[in-house]
Amino acid sequence: MRAAIAILAALVGFVSGHAMAADAKDAKVLVQKYNCLSCHTADKKVVGPSYKEVATKYKGDKTAEAKLIAKVKAGGGGVWGPVPMPPNPTVPDADLKTMVQWILATK
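In this note's numbering, the protein residues as written are 2 to 108.
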């Protein structure tokens, strides 16, 4: 019985790891597709904050995902400096969610 539980746990970890890798790959494609990389990078401030800075700022904030999805969709400013982020109303919600989850997971 213990062996079966161990095998099941390993399988779940394996599948989860592949799902996370696929999500990261999808998110990287999406940030390119929607020109996010014009203003953001993974680890350096460009026009806007790096994804690492965003993840650090919102770490532990259970409302961060919803806040950031709304911010990307509507645009805004003042949080990271004087340059406002333009609105992105045509980006589908599912794509926004994938990108924001990936950004929040950045280490």
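We put the beta carbon where it would ideally sit given N, CA and C, even for glycine. What you are looking at is a predicted structure, and each value in this text was computed from that prediction instead of being measured.
{"Asked": "Where G49 falls, given that 16 or more other Cβ within 10 Å makes a residue buried", "Found": "buried"}
{"Asked": "Inter-residue Cα distance where the pair is G79 and K26", "Found": "30 Å"}
{"Asked": "As assigned by DSSP and simplified to three states, the class of K34", "Found": "helix"}
{"Asked": "Local Cβ density within 10 Å of A101, reported as buried at 16 or more and exposed below that", "Found": "What sits at residue 101 in the sequence shown is Val, not Ala. Flag for V101 reads buried."}
{"Asked": "For K46, the three-state DSSP class (helix, strand or coil)", "Found": "strand"}
{"Asked": "Supposed close pair P1, A75 - CB separation, criterion 8 Å", "Found": "Here the chain has residues from 2 to 108 only, and residue 1 is not among them."}
{"Asked": "Same chain, Cβ closer than 8 Å to L12, five either side skipped, listed in chain order", "Found": "With a pLDDT of 39 at L12, under the threshold of 50, the modelled position of this residue cannot be trusted, and the question is left open."}
{"Asked": "Straight-line Cα distance separating A106 from E54", "Found": "11 Å"}
{"Asked": "Distance between G82 and L38 (C-alpha atoms, nearest Å)", "Found": "18 Å"}
{"Asked": "Where the alpha helix (DSSP H) containing W81 begins and where it ends", "Found": "Premise fails: W81 is in no alpha helix (DSSP H) and is neither H nor E."}
{"Asked": "Buried versus exposed, by CB contacts within 10 Å (16 or more), V156", "Found": "This structure gives no information on residue 156, because the portion of the chain shown stretches from 2 to 108."}
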